[in-house]
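There are 2 protein chains.
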Amino acid sequence: MLKLYDNADSGNAYKVRLVLAHLGLPFERIQLDTDSGETRTPEYLATNPNGKVPAIVLANGDVLCESNAIIFYLAAGTALLPEDNLERAKVLQWMFFEQYSHEPNIAVARHVLKHLELTDERRALVESKREPGYRALGVMEGHLADRSFFVAEQFTIADIALYAYTHVAGEGDFDLADFPAIRGWLTRVSRQPGHISITQP
Amino acid sequence: MLKLYDNADSGNAYKVRLVLAHLGLPFERIQLDTDSGETRTPEYLATNPNGKVPAIVLANGDVLCESNAIIFYLAAGTALLPEDNLERAKVLQWMFFEQYSHEPNIAVARHVLKHLELTDERRALVESKREPGYRALGVMEGHLADRSFFVAEQFTIADIALYAYTHVAGEGDFDLADFPAIRGWLTRVSRQPGHISITQP
Numbered sequence: 000m001l002k003l004y005d006n007a008d009s010g011n012a013y014k015v016r017l018v019l020a021h022l023g024l025p026f027e028r029i030q031l032d033t034d035s036g037e038t039r040t041p042e043y044l045a046t047n048p049n050g051k052v053p054a055i056v057l058a059n060g061d062v063l064c065e066s067n068a069i070i071f072y073l074a075a076g077t078a079l080l081p082e083d084n085l086e087r088a089k090v091l092q093w094m095f096f097e098q099y100s101h102e103p104n105i106a107v108a109r110h111v112l113k114h115l116e117l118t119d120e121r122r123a124l125v126e127s128k129r130e131p132g133y134r135a136l137g138v139m140e141g142h143l144a145d146r147s148f149f150v151a152e153q154f155t156i157a158d159i160a161l162y163a164y165t166h167v168a169g170e171g172d173f174d175l176a177d178f179p180a181i182r183g184w185l186t187r188v189s190r191q192p193g194h195i196s197i198t199q200p
Numbered sequence: 000m001l002k003l004y005d006n007a008d009s010g011n012a013y014k015v016r017l018v019l020a021h022l023g024l025p026f027e028r029i030q031l032d033t034d035s036g037e038t039r040t041p042e043y044l045a046t047n048p049n050g051k052v053p054a055i056v057l058a059n060g061d062v063l064c065e066s067n068a069i070i071f072y073l074a075a076g077t078a079l080l081p082e083d084n085l086e087r088a089k090v091l092q093w094m095f096f097e098q099y100s101h102e103p104n105i106a107v108a109r110h111v112l113k114h115l116e117l118t119d120e121r122r123a124l125v126e127s128k129r130e131p132g133y134r135a136l137g138v139m140e141g142h143l144a145d146r147s148f149f150v151a152e153q154f155t156i157a158d159i160a161l162y163a164y165t166h167v168a169g170e171g172d173f174d175l176a177d178f179p180a181i182r183g184w185l186t187r188v189s190r191q192p193g194h195i196s197i198t199q200p
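These protein sequence lines are chains A and B, in that order.
Position 113 (the first sequence) corresponds to 112 in numbering that gives the first Met the number 0; numbering is contiguous.
Position 21 (the second sequence) corresponds to 20 in numbering that gives the first Met the number 0; numbering is contiguous.
(1) Counting only beta-carbon separations shorter than 9 Å, does residue 125 (chain B) have a partner in chain A?
(2) How many Å lie between residue 138 (chain B) and residue 48 (chain A) at the Cα?
(3) List the residues of chain B that residue 141 (chain A) touches, going by C-beta distances under 8 Å, in chain order.
(4) Determine, using beta carbons only, whether residue 95 (chain B) and residue 84 (chain A) come nearer to each other than 9 Å.
(5) Mind listing which residues of the stretch 92-103 of chain A have their C-beta closer than 9 Å to chain B's C-betas, in chain order?
(6) Measure the C-alpha to C-alpha separation of residue 63 (chain A) and residue 35 (chain B) and round it to an integer number of angstroms.
(7) Are residue 81 (chain A) and residue 186 (chain A) close, meaning C-beta to C-beta below 9 Å?
(8) Run through the DSSP bridge pairs and tell me what residue 157 (chain A) is partnered with.
(9) Using three-state DSSP, classify residue 51 (chain B) as helix, strand or coil.
(10) What is the C-beta distance between residue 136 (chain A) and residue 180 (chain A), in whole angstroms, given that I count them as a contact (C-beta under 8 Å)?
(11) Can you give me, in chain order, the residues of the stretch 154-183 of chain B that have a beta carbon less than 8 Å from any beta carbon in chain A?
(12) Is residue 119 (chain B) helix, strand or coil when you go by DSSP?
(13) Would you list the residues sitting across from residue 181 (chain B) in a DSSP beta bridge?
(14) Return helix, strand or coil for residue 26 (chain B), following the three-state DSSP convention.
(15) Pull up the distance between the alpha-carbon of residue 241 (chain A) and that of residue 109 (chain B), whole angstroms please.
(16) Using a beta-carbon distance below 9 Å, is residue 115 (chain A) in contact with chain B?
(17) What do you get for residue 114 (chain A), buried or exposed, if any count of 16 or more other CB atoms within 10 angstroms of its CB means buried?
(18) Count the C-beta pairs between the stretch 5-20 of chain B and the stretch 29-46 of chain B that are closer than 8 Å, then say yes if the count reaches three, no if not.
(19) Is DSSP giving residue 62 (chain A) helix, strand or coil here?
(20) Give the single residue among A:71, A:54, A:78 and A:98 whose Cα lies nearest to the Cα of residue 65 (chain B).
(21) Alpha carbon to alpha carbon, what distance is there between residue 173 (chain B) and residue 129 (chain B)?
(22) Locate the alpha helix (DSSP H) running through residue 113 (chain B), then write down its first and last residues.
(23) Can you say whether residue 126 (chain B) is buried or exposed, counting buried as having 16 or more other CB atoms within 10 angstroms of its CB?
(24) Provide the residue span of the beta strand (DSSP E) that contains residue 2 (chain A), from first to last.
(25) In chain B, which residues lie less than 8 Å from residue 89 (chain A) when you measure between Cβ atoms?
(26) According to DSSP, residue 56 (chain A) sits in a beta bridge with which residue or residues?
(27) Could one say the Cβ of residue 84 (chain B) lies closer than 9 Å to chain A's Cβ atoms, at least one of them?
(28) Just confirm the distance between the C-beta atoms of residue 18 (chain A) and residue 117 (chain A), as a whole number of angstroms; I'd bet it's less than 8 Å.
(29) At the level of alpha carbons, what is the spacing between residue 170 (chain A) and residue 149 (chain A)?
(30) Which residue or residues does DSSP assign as beta-bridge partners of residue 150 (chain B)?
(31) So with CB distances below 7 Å, who are the chain B contacts of residue 71 (chain A)?
(32) For the putative contact between residue 86 (chain A) and residue 151 (chain A), defined by C-beta atoms under 8 Å, what is the C-beta separation to the nearest angstrom?
(33) Name the chain B residues that come within less than 9 Å of residue 12 (chain A), Cβ to Cβ?
(34) Write down the C-beta distance between residue 77 (chain B) and residue 22 (chain B) rounded to the nearest angstrom, noting that I regard them as a contact closer than 8 Å.
(35) Please decide whether residue 138 (chain A) counts as near chain B, where near means a Cβ-Cβ distance under 9 Å.
(36) Starting from residue 75 (chain A), find everything on chain B with Cβ-Cβ shorter than 9 Å and list it in chain order.
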């Protein structure tokens, strides 16, 4: 059975749980406490030398890391990932956008505000995420203005990748009031059959 | 003909030029000066709302952004991208690693040192990139210790994605002296038939 190195509060790990739920795939869930350094032990670094969750271990022992690579692997051959090369590349475009322009701002602000003591330095870090975070949300809002989903008018792993931290952006003090297209899309994603919440055990 | 929105000094844009060179594909090259804001004009934002290079425009007018999504699209069906789903996902794993753990440290330090006036704030920014940048290089070094290339012992777009900023890491004041496996791999990549340098017009 597939083994998932997981963290209950991580949006990156939630992407994998959400795809597994949509596909109805059973898995063994191993929770690691990232705050207390459980992803930096010698044992875990032997599994993922980059010291992050999520990572999956396949039945044959192969390890795959990086949330978006994992969900690409799991979704191949399913309705969550188009077969067409250009549509597939557009799914990847939004997933790379998520990891470069969205997550380092919105998820990092959320992490600091939820998990760490708010020193002056950390407050400045959070504030430095405000402008690029809202810029990323603006790019999403413009794209969704006349679309139901990010790519090919179908629900794909691009939506799952971007949903993970957008739906909890408020926990990073990002206000979605001025982003009606994003709010409509969040509702559509959450109403997909098979959807689970980030807190589902 | 494929149109490439490009910047001569960008490693991200170089990835695309390098794949196009390996595949022998002709293209129209449009240089944008990122330092003077040419990627933030209303005209360019209509092409790429995220305001970055590279972006490509296909013969049918479709636009694709994000360097690693572009090279995935171009490499599909060629020897630069394995067909096997797990190998393909491992290629993506290293490309997401590149955009999250490598580029934001090594490329950003290089950009500041090469392009911007070195204020105290920017000096502190560069110094903050030192530890995570070397950590990313350490992950690469460990992986390459007993491998010729990143995935499946063949030259793929994972190598191209990681080569782009690793081979100019010295310009960000990263010293590769203690990374012999990386240095050997850089040489192997640069000796692939069809290779071009980042400065090739």
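Even for Gly, the Cβ is constructed at its ideal location relative to N, Cα and C.
Just so it is clear, the structure is predicted and the values come from calculations on it, not from any experiment.
With the structure as the only source:
(1) no
(2) 6 Å
(3) 48
(4) no
(5) Close to chain B, meaning a Cβ-Cβ distance shorter than 9 Å, are the following residues of the stretch 92-103 of chain A: 92, 93, 94, 95, 96, 98, 99, 100, 102 and 103.
(6) 40 Å
(7) The answer is no: Cβ separation not under 9 Å.
(8) Answer is none; residue 157 (chain A) lacks a bridge partner.
(9) coil
(10) With 8 Å as the limit, residue 136 (chain A) and residue 180 (chain A) do not qualify as a contact, their Cβ atoms being about 10 Å apart.
(11) none
(12) helix
(13) Answer is none; residue 181 (chain B) lacks a bridge partner.
(14) Reduced to three states, the DSSP call for residue 26 (chain B) is strand.
(15) Since the first residue of chain A shown is 0 and the last is 200, residue 241 (chain A) is not available in this structure.
(16) no
(17) Result: exposed.
(18) yes
(19) strand
(20) A:98
(21) Whole-angstrom Cα-Cα distance: 8 Å.
(22) 107-114
(23) exposed
(24) Its beta strand (DSSP E) spans residues 1-5.
(25) Residues of chain B passing the Cβ test: 63 and 68.
(26) In DSSP, residue 56 (chain A) forms a bridge with A:2 and A:62.
(27) yes
(28) About 33 Å separates the two Cβ atoms, so there is no contact after all.
(29) 23 Å
(30) B:153
(31) 88 and 91
(32) 5 Å
(33) Residues of chain B with a Cβ closer than 9 Å to the Cβ of residue 12 (chain A) do not exist; the shortest Cβ-Cβ separation is about 14 Å.
(34) The Cβ separation is near 6 Å, so the contact holds.
(35) yes
(36) 84, 87 and 88
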